[in-house]
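Chemist:
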Amino acid sequence: MTIKNIIVISGPNLNLLGMREKDIYGSVTIEEIHAKLEENSKNQNIQIQCVQSNSESEIIELIQNAQNKFDGIIINAGGYTHTSVAIRDALKYFSGYKIEIHMSNIHAREKFREISMISGVCDGIIVGFGAQSYFLALESIKQI
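If you count by the numbering used here, then the sequence shown holds residues 8 to 151, one letter each, in order.
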């Protein structure tokens, strides 16, 4: 399988990167992350679309609409990781490659963050590398 079209979905509160909890997430913004992902993908013949949404229903629609349009999904579902069966079900429906990412190490934080509703339907998980988690996911998905 060759991955040529990827959608990167960043979930709730990730629009506040660079402003909130800098000790956990650093000072980089989601816009900066998305711009670098788009720049990196151009040099490697990969089409990439980056989207951030605070809306669970919008994230579900993005995943559902990705079927037959994208080869892979990189998703940082934010807080929905721990609560959304609906996002899990949408990801399960998607037949392409799926990577779950988290900037922080969710296993070293509050107990409730250790549980991911979406891990079981993703092909891989990257946690704890800050903004680099996005780029590690892109590197990984290119190797498929």
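Each residue gets a CB set at the ideal place from its N, CA and C atoms; glycine is no exception.
Quick caveat, the model's predicted, so the values are computed rather than measured.
DSSP three-state label for Q74, please.
Modeler: It is coil, neither helix nor strand.
Chemist: Hey, how far is the Cα of V15 from the Cα of K29?
Modeler: For V15 and K29, the distance between alpha carbons rounds to 22 Å.
Chemist: Helix, strand or coil: how does DSSP classify N61 here?
Modeler: Note: N61 maps to coil in three-state DSSP.
Chemist: Note the first and the last residue of the continuous alpha helix (DSSP H) segment covering N22.
Modeler: Here N22 belongs to no alpha helix (DSSP H), and DSSP marks it neither H nor E.
Chemist: Can you tell me whether L69 is buried or exposed, with buried defined as 16 or more other CB within 10 angstroms of its CB?
Modeler: L69 should be labelled buried.
Chemist: Is the stretch 77 to 87 close to the stretch 102 to 112, with three or more CB pairs under 8 Å?
Modeler: Cβ pair count under 8 Å is three or more, so yes.
Chemist: Quick test of your reading: I67 and A93, contact by CB under 8 Å. State the CB separation rounded to the nearest angstrom.
Modeler: The Cβ separation is near 6 Å, so the contact holds.
Chemist: Should L98 be labelled buried (16 or more other beta-carbon atoms within 10 Å of its own) or exposed?
Modeler: L98 is buried by the Cβ-count criterion.
Chemist: Drop a sphere of 10 angstroms on the beta-carbon of R95, count the other beta-carbons inside from all chains shown, and report buried for 16 or more, exposed for fewer.
Modeler: The residue is buried, with at least 16 neighbouring Cβ atoms inside 10 Å.
Chemist: Taking DSSP as the reference, what is the three-state secondary structure of S111?
Modeler: Looking at S111 - three-state DSSP - the assignment turns out to be coil, as it is neither helix nor strand.
Chemist: Starting from V128 and walking both ways along the alpha helix (DSSP H), at which residues does that stretch end?
Modeler: Looking at the DSSP string, V128 is not in any alpha helix (DSSP H), and its letter there is neither H nor E.
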